[in-house]
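Peer 1:
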Amino acid sequence: MPAVTAPGEFTTRPTLRGTFGMVASTHWLASSSGQSVLERGGNAFDAAVAGAFVLHVVEPHLNGPGGDMTGVFATAEEPDRPVVLMGQGAAPAGATLEHYRAEGLDLVPGAGALAAAVPAAVDAWLLLLAEHGTWEVADVLAYAIEYAEGGHPVLERVCDQIAAVAELFTAHWPTSAERWMPDGRVPRPGERITAPEYAQVLRELIAAGDPVGEDAADPRAARVAAARTEWRTGRVAREAADFTASPHRHSDGADHAGVITADDFAGSSASFEDATTVTFRGHTIAKTGPWGQGPVLLQALKILEGLPDDHLDPSTELGAHTVLEALTLACADRDTHYGDARDVDLAVLLSEDYAARRRALIGPRASHEFRPGRLDGAPGWTPTVRTAAEQAARSGHDPAAAGGGEPTVPAARGGGGTDPGTQPSTEAGTRGTDTSVPGADVADPGADAAGSVHGDTCHLDVVDRFGNMISATPSGGWLQSSPTIPGLGFCLGTRLQMTWLEEDSPSALAPGRRPRTTLTPALVLKGGEPVIALGSPGGDQQDQWQLLLILRLLVGSLSPQAEIDAPALHSTAVAGSFWPRTWEPGGAMVEDRLGEEVITALERRGHRITRAGDWSLGRLSCVLRDPVTGVLSAAANPRGAQGYAVGR
0 MPAVTAPGEF TTRPTLRGTF GMVASTHWLA SSSGQSVLER GGNAFDAAVA GAFVLHVVEP
60 HLNGPGGDMT GVFATAEEPD RPVVLMGQGA APAGATLEHY RAEGLDLVPG AGALAAAVPA
120 AVDAWLLLLA EHGTWEVADV LAYAIEYAEG GHPVLERVCD QIAAVAELFT AHWPTSAERW
180 MPDGRVPRPG ERITAPEYAQ VLRELIAAGD PVGEDAADPR AARVAAARTE WRTGRVAREA
240 ADFTASPHRH SDGADHAGVI TADDFAGSSA SFEDATTVTF RGHTIAKTGP WGQGPVLLQA
300 LKILEGLPDD HLDPSTELGA HTVLEALTLA CADRDTHYGD ARDVDLAVLL SEDYAARRRA
360 LIGPRASHEF RPGRLDGAPG WTPTVRTAAE QAARSGHDPA AAGGGEPTVP AARGGGGTDP
420 GTQPSTEAGT RGTDTSVPGA DVADPGADAA GSVHGDTCHL DVVDRFGNMI SATPSGGWLQ
480 SSPTIPGLGF CLGTRLQMTW LEEDSPSALA PGRRPRTTLT PALVLKGGEP VIALGSPGGD
540 QQDQWQLLLI LRLLVGSLSP QAEIDAPALH STAVAGSFWP RTWEPGGAMV EDRLGEEVIT
600 ALERRGHRIT RAGDWSLGRL SCVLRDPVTG VLSAAANPRG AQGYAVGR
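Numbering-wise (numbering that gives the first Met the number 0), the sequence shown opens with residue 0 and increments by one.
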């Protein structure tokens, strides 16, 4: 008997296998652009940078240059050292608790420039290119410039997203209406659209390196450095700061001015960090530090590691229950202990003793309590958690207002998800998921109790024939995050909504402090070499969906594509990272393909189940490398008919 339920013979597409290079992402144009770089002699990092800038253009509802990213990678030269690419900007100097409270806020809004951290995605990608790539800036940006100037067929989901916030744009954000509805109408799916202003920004980054002569010690590195300087100190910084300083509508229903300045841009820089790791079933799992939610996956694995294999199969009643409870416990620790603070004690959070104490809390029934652990025995700080109904009653403002959250947009009604290309139903009063209107730091968020749907994020994995491997999750700066900045063609992100306006929180808003991002790519190593790069959009679900794939691959040793296709689930009994930061005690969302018997059994155990349709949850992709044979493989999510893996 296999340790994990074996999938059926059907898979939505084959697991790709080859020896040259593999790219998987949330959009086929990004995957193909990355593969083109590999074919032309670039390495995995050149390919990742090229694909990432394409994602800015073709998935503007999921990420943008005004947003953020995190990555984790290993190089062929140092295969045993997983490194985090830190592209999460910090809070501006003016982002103080006092200022936000004076604005009448008790939560950072989910939309509007007051929620903007300093954009760091572009700087991070250029840093990766400088230190580990081989191509020139002009060459890696050529793909994005081509699609921005010449146009690309717009996704149906982009059109749906624009339609969902059209009233907001028209009434309050006229620059966004001009950018996305230039003729007073929403684009039609498949219509060829352009991004000329962003193309000009990219050309200016290239031009910044033109004065660098070939007599420089390292001309290529100098040109990349010049592009980074232009981004942080040039026109982008000035015009973004000037425009967002004017009051505009935010998701709390009021008008506020942003606080970001050109000096904030100039003082920001992406960086490299050592990854945080644990071992599980003979593999090393590498994630971000506790300034991101990455340790959630590590904590969940530590909790589950002490259990027999039959507790780890997400396709069974026992396994699904155990996984959901472990994730709920890990996320409670996330919301209580994680943050960009120096005293986050990962040595305790990831210890065998702490995992055993948390494991002992998993009983036969679903807990409906918020149960963070106490690291020193003291009561400690606990976040304020409210259901969606409690938040709406308290604030008097609809938490599902268009433009808010990750972001939040009205949910579509009706229809049933029966195959990878159809969308699941969403009914009012449930936390359903509707993938027809994704758009934020998730890859398919869930709709909240008011019947609205949250947005999405992007993901990208690359491995080359040399053994370089990277997993990266770009996000933020979605077209509905804040008003479009004239002359730039994009907006600022809203990552500060993940901070708390409570002094005692390790994730409290503070100038220069990074918000506790949800972006959490993963790298798996074995025998001192990277073997899997994986990840997913999905906000609070990112590590939850990744856990399913890791368990099915490492415990079940099953086919990557079959396991991405397998029925997905996640807990909603977690404090939301996005405005309005609500939770659902005992909540869980499952795909109907999990099966009537398992779903009914979970309900008997006390889980408050929302059925999300057959093909709705998860946006996973992965690339793999066998260090013994050199064989490469890749798989990508079929849900929504958008993600794709390519390679040979």
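Ideal placement from N, C-alpha and C gives every residue a C-beta, glycine not left out.
What number of angstroms, rounded off, separates the C-alpha of A47 from the C-alpha of P363?
Peer 2: As a first step, residue 47 must be located in the sequence shown, where it is residue number 48. As a first step, residue 363 must be located in the sequence shown, where it is residue number 364. Each residue's Cα considered, the two are about 44 Å apart.
Peer 1: Does the beta-carbon distance from A521 to L547 come in below 9 Å?
Peer 2: Translated into the one-based positions of the sequence shown, residue 521 becomes position 522. Translated into the one-based positions of the sequence shown, residue 547 becomes position 548. No, these two residues do not count as a Cβ contact at 9 Å.
Peer 1: Distance, Cα to Cα, A216 vs P210?
Peer 2: For this step, residue 216 is matched to residue 217 along the sequence shown. For this step, residue 210 is matched to residue 211 along the sequence shown. Roughly 14 Å between the two C-alpha positions.
Peer 1: Please name the residue in P473, L306 and S270 whose C-alpha comes closest to that of V82.
Peer 2: As a first step, residue 82 is located in the sequence shown; it is residue number 83 there, counting from the start. Nearest of P473, L306 and S270 to V82, Cα basis: S270.
Peer 1: I'd like the span of the alpha helix (DSSP H) that includes R610, first residue to last.
Peer 2: For the purposes of this step, residue 610 is taken as residue 611 along the sequence shown, with counting starting at 1. That residue, R610, is in no alpha helix (DSSP H); its beta strand (DSSP E) goes R607 to R610.
Peer 1: In angstroms with no decimal places, state the Cα-to-Cα distance between E595 and S314.
Peer 2: The sequence position of residue 595 within the sequence shown is 596, counting from 1. The sequence position of residue 314 within the sequence shown is 315, counting from 1. About 12 Å.
Peer 1: What's the C-alpha gap between H255 and D138?
Peer 2: Mapped onto the sequence shown, residue 255 falls at position 256. Mapped onto the sequence shown, residue 138 falls at position 139. For H255 and D138, the distance between alpha carbons rounds to 40 Å.
Peer 1: Rounded to whole angstroms, what's the CA-CA distance from E501 to W124? Just pull it up for me.
Peer 2: Here residue 501 is taken as the residue at index 502 of the sequence shown, counted from 1. Here residue 124 is taken as the residue at index 125 of the sequence shown, counted from 1. Straight-line Cα distance between these residues: approximately 33 Å.
Peer 1: Keeping to the same chain, check which residues put their C-beta closer than 6 Å to that of F19; ignore five residues upstream and five downstream.
Peer 2: Taking the first residue of the sequence shown as 1, we reach residue 19 at position 20. Cβ neighbours of F19 beyond the five flanking positions: R464 and R647.
Peer 1: Rounded to whole angstroms, what's the CA-CA distance from D342 to K525? Just pull it up for me.
Peer 2: Sequence index remark: in the sequence shown, residue 342 carries index 343 (1-based). Sequence index remark: in the sequence shown, residue 525 carries index 526 (1-based). If you take the alpha carbons of D342 and K525, they lie about 30 Å apart.
Peer 1: Using 9 Å as the threshold, is the C-beta distance between K301 and L360 below it?
Peer 2: Start at 1 with the first residue of the sequence shown, and residue 301 comes out as number 302. Start at 1 with the first residue of the sequence shown, and residue 360 comes out as number 361. Contact: no.
Peer 1: Helix, strand or coil for A359? Go by DSSP, reduced to three states.
Peer 2: In the sequence shown, the residue the question calls residue 359 occupies position 360. The answer is coil: DSSP assigns A359 none of H, G, I, E or B.
Peer 1: Quick check: the region 196-213 against the region 225-238, are there 3 or more CB pairs under 8 Å?
Peer 2: Because the criterion of three Cβ pairs below 8 Å is met, the region 196-213 and the region 225-238 touch.
Peer 1: Taking only the alpha-carbon atoms, compute the straight-line gap between P626 and D122 and give it to the nearest angstrom.
Peer 2: Here residue 626 refers to the residue found at position 627 when the sequence shown is read from its first residue. Here residue 122 refers to the residue found at position 123 when the sequence shown is read from its first residue. Taking the straight line from one Cα to the other gives about 32 Å.
Peer 1: Pick helix, strand or coil for G428, following the three-state DSSP scheme.
Peer 2: Residue numbering aside, residue 428 sits at position 429 when the sequence shown is read from its first letter. Model confidence at G428 stands at a pLDDT of 27, short of 50, so the residue's coordinates are unreliable; what they give is reported in the following sentence. Three-state result, G428: coil.
Peer 1: So R222 is in the beta strand (DSSP E); what residue range does that whole segment cover?
Peer 2: Taking the sequence shown and counting its residues from 1, one reaches residue 222 at position 223. Where R222 is concerned, there is no enclosing beta strand (DSSP E), although the alpha helix (DSSP H) it sits in stretches over P218 to T232.
Peer 1: Quick one: complete alpha helix (DSSP H) runs, 4+ long, within the region 274-355?
Peer 2: Fully enclosed alpha helix (DSSP H) runs of 4 or longer: 294-304, 316-336 and 345-348.
Peer 1: Run the CB neighbour count on G642, radius 10 Å, all protein chains shown included, and call it buried at 16 or more, exposed below.
Peer 2: As a first step, residue 642 must be located in the sequence shown, where it is residue number 643. With 16 or more Cβ atoms within 10 Å of its Cβ, G642 is classed as buried.
Peer 1: Of the residues A114, R248 and H151, which one's Cα is nearest the Cα of R494?
Peer 2: Looking up residue 494 in the sequence shown gives position 495. Selected option, being the one with the closest Cα: A114.
Peer 1: State the DSSP-derived secondary structure class of A633, mapped to helix, strand or coil.
Peer 2: Counted from its first residue, the sequence shown places residue 633 at position 634. Strand at A633.
Peer 1: Verify whether the separation of the beta carbon atoms of L374 and D344 is less than 9 Å.
Peer 2: Reading the sequence shown from its first residue, position 375 is the one you call residue 374. Reading the sequence shown from its first residue, position 345 is the one you call residue 344. For L374 and D344, yes; Cβs fall inside 9 Å.
Peer 1: Give every residue of the same chain whose Cβ lies closer than 6 Å to the Cβ of G511, excluding the five residues on either side of it in the sequence, and list them in chain order.
Peer 2: Walking along the sequence shown from the start, residue 511 turns up at place 512. Closer than 6 Å at the Cβ level, and outside the excluded window around G511, lie A89.
Peer 1: Cα separation between G639 and S615?
Peer 2: Taking the first residue of the sequence shown as position 1, residue 639 is located at position 640. Taking the first residue of the sequence shown as position 1, residue 615 is located at position 616. Going by the C-alpha atoms only, they are around 8 Å apart.
Peer 1: Output the distance between the C-alpha atoms of S480 and I259, rounded to the nearest integer angstrom.
Peer 2: Position 481 of the sequence shown, counting from 1, holds the residue named residue 480. Position 260 of the sequence shown, counting from 1, holds the residue named residue 259. Spanning the two alpha carbons is a distance of roughly 15 Å.
Peer 1: How is S435 classed by DSSP in three states: helix, strand or coil?
Peer 2: Counting from one through the sequence shown, the residue named residue 435 turns up at place 436. Because the pLDDT at S435 is just 27, under 50, the model does not fix this residue reliably, and the point stays unresolved.
Peer 1: Of all the alpha helix (DSSP H) runs that stay within the bounds of the region 175-211, which reach a length of 4 or more residues?
Peer 2: Complete alpha helix (DSSP H) runs here, min 4: 195-206.
Peer 1: Name the DSSP bridge partner or partners of E528?
Peer 2: For the purposes of this step, residue 528 is taken as residue 529 along the sequence shown, with counting starting at 1. Answer is K525.
Peer 1: Given 8 Å as the limit, is there contact between the region 283-290 and the region 132-147, that is, 3 or more CB pairs closer than that?
Peer 2: Output reads no: the region 132-147 does not touch the region 283-290.
Peer 1: Based on the DSSP secondary-structure assignment, which residues constitute the bridge partners of E272?
Peer 2: As a first step, residue 272 is located in the sequence shown; it is residue number 273 there, counting from the start. V83.
Peer 1: Does the region 103-112 touch the region 41-58, meaning 3 or more C-beta pairs lie closer than 8 Å?
Peer 2: Output reads no: the region 103-112 does not touch the region 41-58.
Peer 1: Write down the C-beta distance between H247 and W172 rounded to the nearest angstrom, noting that I regard them as a contact closer than 8 Å.
Peer 2: The residue given as residue 247 occupies position 248 in the sequence shown. The residue given as residue 172 occupies position 173 in the sequence shown. So it is a contact: roughly 7 Å between Cβ atoms.
Peer 1: Mind checking who P152 pairs with in its DSSP beta bridge?
Peer 2: Counting from 1 along the sequence shown, the entry for residue 152 is found at position 153. Answer is R191.
Peer 1: From the DSSP secondary-structure annotation, give me the bridge partner or partners of A49.
Peer 2: In the sequence shown, residue 49 corresponds to position 50, counting from 1. Beta-bridge pairing links A49 to no other residue.
Peer 1: Using a Cβ-Cβ cut-off of 9 Å, state whether N42 counts as contacting chain B.
Peer 2: The chain labelled as chain B is not found in the depicted structure, where only one protein chain is given.
Peer 1: The alpha helix (DSSP H) with P246 in it runs from where to where?
Peer 2: The residue you call residue 246 lines up with position 247 of the sequence shown. Unbroken run through P246: none, as it is neither H nor E.
Peer 1: Identify whether H98 lies in helix, strand or coil by the three-state DSSP scheme.
Peer 2: Here residue 98 refers to the residue found at position 99 when the sequence shown is read from its first residue. H98: helix per DSSP, three-state reduction.
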